Amino acid sequence: MMDLIQNVWPAALLAVGLASLFALILLIASIKLRVEVDPKVEEVHKALPGIDCGACGFAGCAAYAKAVAADPELIGRCAPGGAEVCDAIGRILNLQISGGGAPMRPIVHCRAHREDKLFYAEYRGIESCTSANAQPDVQACHFGCLGFGDCVRACKFDALHIVDGLSTVNYHNCTGCGACAKACPRNLIRMVPFTQDNMMVVACSSRENGKTTRTFCTVGCIGCGICAKQSELFTVADNLATLNTAEYAPSEATQKAMDKCPTGVIVYRGKTAPAPRQPKQKAAAVAT
Amino acid sequence: MDTLQTLLLAFIGIVIVNNLVLTKFLGICPYLGVSGRIDMAFGMGCAVTFVVTLAGTLTWIIDHTFLIPYSLEVMRYLCFIMVIAGAVQLVEMYVRKFFPPLYESFGIFLPLITTNCAILGLCLFLNLWEIDSLIHAVVLSIGAGVGFTLAICIMAGIRENLELADVPEVMQGAPITLVTAGLLTLAFMGFAGMI
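Order-wise, the sequence lines are chains H and X. No gaps in the numbering here: position 50 of the first sequence is 66 in the working numbering, and each next residue is one more. No gaps in the numbering here: position 155 of the second sequence is 198 in the working numbering, and each next residue is one more.
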């Protein structure tokens, strides 16, 4: 027994000595190299959705949490979180803010499927809208959806698909991060405040005059102004009707404008949007 | 002159001929885990170099001043791990303070340097190879770190180029990485026996 103790004590002494030495060094280092972590940053990080989509313009939720804690003016950049997360961050940072308003969702401002529009020739280049857009005559319409899916690749939530040559949003999956709007080289996809479940929208971006538009698209806006006569929410400029989406609420006037539209370019977009109706008359030029 | 030549040979030997990663297969975990991008790989290499230099030197001193004279060789593992863990903690605090983005991108791999077997391996090799001068031990420790950095940076460079290569679907990810690591090892095996 004595032998055992005799043999053990140097080992024990060494272990304890070394351990204390390192403990001391690390203690000094931890004081010298202390990093102050703001508890608010961690709380904000917990409140964020944690999907790292980058809609806020920062590298991820952690980076945004740090930035917003340092500069409260950055609040409200989190599109997927919307008003709820905005309120939560406001509470953590002791800010007096009211909700972020209606959630922003993307709308594709084009409704022409492949058979609705005119092509001069088949495009066989790199399969991307950015590349196709560099070809002036990839399709007759210089404004409409190219259908090569840059927006689909930008979407992290499987909310966009190319359906018969037209980018189509699945609003059930959409978080409103806005990545698709940034990806579209023709700026067809724009973020719109969804005050209603289904938003009415003029699904066209063509600024050609009505006659020209009719030659290449059966469902394009011809700038006739019939909708503007029905409801004040519609305005026509540059041969293109636009709807004041911020003020939009379903009414008889807007419904009438939609029904009277000769090309049926005014459609509903949203979670339960009805299928768009066909235009009143097919343009002859496209059929050939 | 003779010692200088010995040291130089020892350094080249541990960096290229007896590279811990490529010929002893130690430290494979960070070698495959952090070699995705070359800047991160270099950061990891620097961290490991620092830890292994500190750990190799300190463990050699401890080995030769306490463990061998008092016949406490049985305590070797415990003491060595304590030194390595302490050094890693130091590095972690330093990186967190001065390179926060690097700290975030390392994630779990920074504390895992503690269990990087290349480091404990080097400390034990110093004893196994019967290195009997401190300067020799220091040179070997630095060399081990440089060798690790070299290996992980070459790997990261290849993997960055692999991103652009048309890899068959079944080979994507881990399989092609392991095949690459194997080929790289074969190449380095060509140096075997030079020193």
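Quick reminder that beta carbons are idealized off the backbone N, C-alpha and C, glycines included. Predicted model, so just to flag it, every value in this text is computed and none were measured.
In terms of residues, what are the limits of the beta strand (DSSP E) holding residue i?
i, result
"Val213(X)", "No beta strand (DSSP E) holds Val213(X); DSSP gives it neither H nor E."
"His177(H)", "Leu176 to Val179"
"Val181(X)", "Premise fails: Val181(X) lies in the alpha helix (DSSP H), Leu177 to Leu205, not in any beta strand (DSSP E)."
"Pro154(X)", "Looking at the DSSP string, Pro154(X) is not in any beta strand (DSSP E), and its letter there is neither H nor E."
"Val185(H)", "Leu182 to Val185"
"Gly286(H)", "Ile282 to Gly286"
"Arg206(H)", "Ile205 to Pro209"
"Arg121(H)", "Met120 to Val124"
Please list the partners that residue i has in chain H, where partner means a Cβ-to-Cβ separation under 7 Å.
i, result
"Met83(X)", "By Cβ distance, chain H contributes nothing, its closest Cβ being about 14 Å from Met83(X), past 7 Å."
"Gln132(X)", "Leu42"
"Phe123(X)", "The contacting residues do not exist; Phe123(X) stays about 10 Å from chain H at best."
"Phe109(X)", "Leu30"
Residue i versus chain H: which residues are under 8 Å apart at the beta carbon?
i, result
"Tyr290(X)", "Chain X is shown from 44 up to 238; residue 290(X) falls before or after that span and cannot be answered."
"Gly129(X)", "Phe38, Ile41 and Leu42"
From which residue to which residue does the alpha helix (DSSP H) around residue i run?
i, result
"Met125(X)", "Arg119 to Phe141"
"Leu30(H)", "Met18 to Lys48"
"Leu101(X)", "Ile81 to Ile105"
"Cys196(H)", "Ala195 to Ala199"
Quick test of your reading: residue i and residue j, contact by CB under 8 Å. State the CB separation rounded to the nearest angstrom.
i, j, result
"Ile238(X)", "Val60(X)", "5 Å"
"Ala85(H)", "Leu109(H)", "7 Å"
"Met198(X)", "Ser148(X)", "At roughly 17 Å, the Cβ-Cβ gap does not stay under 8 Å, so Met198(X) and Ser148(X) are not in contact."
"Leu162(H)", "Ala148(H)", "5 Å"
"Val218(H)", "Thr258(H)", "6 Å"
"Asn214(H)", "Ala95(H)", "About 20 Å; that fails the 8 Å criterion."
"Pro295(H)", "Arg127(H)", "No, Pro295(H) and Arg127(H) are not in contact; Cβ-Cβ is about 10 Å, not under 8 Å."
"Gly280(H)", "Val235(H)", "6 Å"
"Leu165(X)", "Ala187(X)", "4 Å"
"Cys220(H)", "Cys200(H)", "Actually they do not touch by this definition, with Cβ atoms about 15 Å apart."
"Ala130(X)", "Val94(X)", "5 Å"
"Cys196(H)", "Cys171(H)", "6 Å"
"Thr192(X)", "Phe85(X)", "7 Å"
"Leu249(H)", "Thr229(H)", "Actually they do not touch by this definition, with Cβ atoms about 22 Å apart."
"Ile257(X)", "Leu50(X)", "Examination of residue 257(X) is not possible in this model, given that chain X is present from 44 through 238 alone."
"Ser46(H)", "Met136(X)", "6 Å"
"Val126(X)", "Thr102(X)", "5 Å"
"Arg130(H)", "Asp180(H)", "5 Å"
Could you name the residues of chain X that residue i contacts, counting a contact when the two beta carbons are closer than 8 Å?
i, result
"Leu49(H)", "Met136, Tyr137, Arg139 and Lys140"
"Pro26(H)", "Tyr113 and Leu115"
"Leu64(H)", "Result: empty, since nearest Cβ-Cβ is about 16 Å, beyond 8 Å."
"Leu34(H)", "Ile105, Cys122, Met125 and Val126"
At 7 Å on the CB atoms, spell out the chain X contacts of residue i, in chain order.
i, result
"Ala45(H)", "Leu133 and Met136"
"Leu111(H)", "Result: empty, since nearest Cβ-Cβ is about 26 Å, beyond 7 Å."
Please find out if some non-hydrogen atom of the ligand ADP comes closer than 7 Å to the beta-carbon of residue i.
i, result
"Ile178(X)", "What this structure holds is no ligand at all, so the ligand ADP is not there to describe."
Ranges of the beta strand (DSSP E) found wholly within the stretch 217-271 of chain H, counting only runs of at least 3: 250-253 and 256-259
Alpha helix (DSSP H) runs wholly inside the stretch 52-102 of chain H, at least 4 long, in chain order: 55-63 and 77-86
Which complete alpha helix (DSSP H) runs does the stretch 44-71 of chain X hold, if anything under 4 residues is left out? 45-55
Got a sec: which bits of the stretch 195-209 of chain H sit with their beta carbon under 8 Å from any beta carbon on chain X, in order along the chain? none
Of the residues that make up the stretch 147-159 of chain X, which ones have a beta carbon closer than 8 Å to any beta carbon in chain H? Glu147
Of all the residues that make up the stretch 131-144 of chain H, which are near chain X by a beta-carbon distance shorter than 8 Å? none
Go through the stretch 119-175 of chain H residue by residue and report every complete run of the beta strand (DSSP E) that reaches 3 residues or more, in order. 120-124
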